[in-house]
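K.L.:
Offset between the sequence shown (1-based) and our numbering: plus 184.
Can you keep this structure in mind? I'll have questions shortly.
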Amino acid sequence: MTNQEVVDLCGALGVPVKSHSSSLNEAYSDMVRRRAVREGLTRDEQPEEPKPERKGGKKAAKAAAAKAAEPEAPTIAFMGRIDPLKDLHTLIRAFALVREQIPAARLRIFGGTPAVNRIYHESCERLIDELGLGGAAVLEGRIGNAVDAYHAGSIVALTSISEGFPYTVVEAMACGRPTVCTNVGGVAEAVGDTGIVVAPRDHAAVAEACVRLLRDDELRHRLGAAAHARVIEHFTLSQSLQMYRNVYEGLAAPLPSAEPPRLLRPAVPVENPSGAR
185 MTNQEVVDLC GALGVPVKSH SSSLNEAYSD MVRRRAVREG LTRDEQPEEP KPERKGGKKA
245 AKAAAAKAAE PEAPTIAFMG RIDPLKDLHT LIRAFALVRE QIPAARLRIF GGTPAVNRIY
305 HESCERLIDE LGLGGAAVLE GRIGNAVDAY HAGSIVALTS ISEGFPYTVV EAMACGRPTV
365 CTNVGGVAEA VGDTGIVVAP RDHAAVAEAC VRLLRDDELR HRLGAAAHAR VIEHFTLSQS
425 LQMYRNVYEG LAAPLPSAEP PRLLRPAVPV ENPSGAR
């Protein structure tokens, strides 16, 4: 929706644009997020549908994106800030179980650490050492291109204990990677049937799901392709803009006129055969 369209709608509502932009966003943000997961809302930087080259057409372009080269070693990738809400301890403990069954597996954790979370970052490093995962599980720090982080994994994991709209999950899906996620916020609705969703704080369930995907090439590739297709179907920029347009136009639409009140039928006089009063 363009700025002028927003101004016009605000005028129709009789609300100044400046106050409207804050109050409306606060009042309707939850509604927009919930409807977004179901109908396709995502943030502005979410890529639009890839424009395929002439040769091969759109199907070929989608297939190429969904089959980006996997790393040689079976790898679990995480992309996001280092924060207790991401519950990286559960991910690290799950990876220890994965290594028992797939010794060559690796865990690569990408993302910066806010200053207030430095102690948590150090606790993750200690846990890696305590579990004997040094060299196999690595906190990589910030990365310039998020796509490289997603492609660094055979699968992408998110073990959060709290989420709103899971942008990193949708981005991983756009990169053709199946995901293992915890059932918090809008995660399950975003993933649909293109990944595996487990209960939060259950490192055994996370490990089981990761092992299943890492061992089953056919399943992993099929879910990755389905994840990419789901993003194209539900989470493109054009659908995001249309979602906001629908919300604003719905707010600006006049309320339907109320039905006229129903009148009672007039009372029918009762005849008195005796003539008494």
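C-beta: ideal position from N, C-alpha, C; glycine also.
Hey, how far is the Cα of serine 307 from the Cα of glutamate 284?
P.N.:
Distance between the alpha carbons of serine 307 and glutamate 284: 22 Å.
K.L.:
Out of Met357, Glu254, Pro440 and Leu317, which has the shortest C-alpha to C-alpha gap to arginine 414?
P.N.:
For the residues Met357, Glu254, Pro440 and Leu317, the minimum Cα distance to arginine 414 belongs to Met357.
K.L.:
Would you mind listing the alpha helix (DSSP H) stretches within the region 323 to 397 that are 4+ residues and don't spill past its ends, in chain order?
P.N.:
Runs found: 330 to 335, 351 to 358 and 371 to 375.
K.L.:
Taking the alpha-carbon of phenylalanine 262 as reference, which of Glu256, Val340 and Arg326 has the nearest alpha-carbon?
P.N.:
The option with the nearest alpha carbon to phenylalanine 262 is Val340.
K.L.:
State the beta-bridge partners of methionine 263 as determined by DSSP.
P.N.:
Beta-bridge pairing links methionine 263 to Phe294.
K.L.:
Among Asp267, Ala374, Ile293 and Arg404, which one has its Cα closest to the Cα of arginine 302?
P.N.:
For arginine 302, the nearest C-alpha among the options comes from Asp267.
K.L.:
Can you give me the Cβ contacts of glycine 264 inside the same chain, cut-off strictly under 6 Å, excluding the 5 residues immediately before and after it?
P.N.:
Contacts found: Lys270, Gly295 and Thr352.
K.L.:
Name the DSSP bridge partner or partners of alanine 321?
P.N.:
According to DSSP, alanine 321 bridges with Leu291 and Gly318.
K.L.:
Considering valine 282, what are the terminal residues of the alpha helix (DSSP H) in which it resides?
P.N.:
272 to 285 is the extent of the alpha helix (DSSP H) around valine 282.
K.L.:
Label glycine 318 either buried or exposed according to how many other C-beta atoms from any shown protein chain fall within 10 Å of its C-beta, with 16 as the threshold for buried.
P.N.:
Looking at its Cβ environment, which holds fewer than 16 other Cβ atoms inside 10 Å, glycine 318 is exposed.
K.L.:
Between leucine 403 and valine 364, what straight-line distance do the alpha-carbon atoms span, to the nearest angstrom?
P.N.:
Roughly 13 Å between the two C-alpha positions.
K.L.:
Rounded to whole angstroms, what's the CA-CA distance from isoleucine 293 to asparagine 430? Just pull it up for me.
P.N.:
Rounded to whole angstroms, isoleucine 293 to asparagine 430 spans 38 Å at the Cα level.
K.L.:
The alpha helix (DSSP H) with leucine 269 in it runs from where to where?
P.N.:
Run containing leucine 269: none; DSSP gives neither H nor E here.
K.L.:
If you measure between the beta carbons of alanine 278 and histidine 387, is that distance less than 8 Å?
P.N.:
For alanine 278 and histidine 387, yes; Cβs fall inside 8 Å.
K.L.:
Give me the Cα-Cα distance between leucine 435 and glutamine 423, rounded to the nearest whole angstrom.
P.N.:
When rounded, the distance between both Cα atoms is 18 Å.
K.L.:
Can the beta-carbon of alanine 372 be found closer than 8 Å to that of valine 382?
P.N.:
Cβ atoms of alanine 372 and valine 382: not closer than 8 Å.
K.L.:
Helix, strand or coil for glutamate 433, going by three-state DSSP, please let me know.
P.N.:
Glutamate 433 falls in the helix class under three-state DSSP.
K.L.:
Over the uninterrupted alpha helix (DSSP H) stretch that includes glycine 401, give me the two end residues.
P.N.:
The amino acid occupying residue 401 in the given sequence is aspartate; glycine does not appear at that position. Element bounds for aspartate 401: 401 to 418.
K.L.:
Using the beta-carbon count (16 or more within 10 Å), is alanine 393 buried or exposed?
P.N.:
So alanine 393 ends up on the buried side.
K.L.:
Of all the options Glu309, Leu315 and Asn329, which has the alpha carbon lying nearest to the alpha carbon of leucine 323?
P.N.:
Of the listed residues, the one whose Cα sits closest to leucine 323 is Glu309.
K.L.:
CB-CB under 8 Å to isoleucine 276, same chain, minus the five flanking residues each way: which ones, in chain order?
P.N.:
Taken in chain order, the residues that qualify are Leu291, Cys308, Leu311, Ile312, Leu315, Leu317 and Ala321.
K.L.:
So valine 368 and serine 346 are supposed to be a Cβ contact under 8 Å. How far apart are they, rounded?
P.N.:
6 Å between Cβ atoms; contact.
K.L.:
Mapping DSSP to helix, strand and coil, what is glutamate 254?
P.N.:
The answer is coil: DSSP assigns glutamate 254 none of H, G, I, E or B.
K.L.:
Between the alpha carbons of isoleucine 327 and glutamine 426, how many angstroms are there, rounded?
P.N.:
Taking the straight line from one Cα to the other gives about 32 Å.
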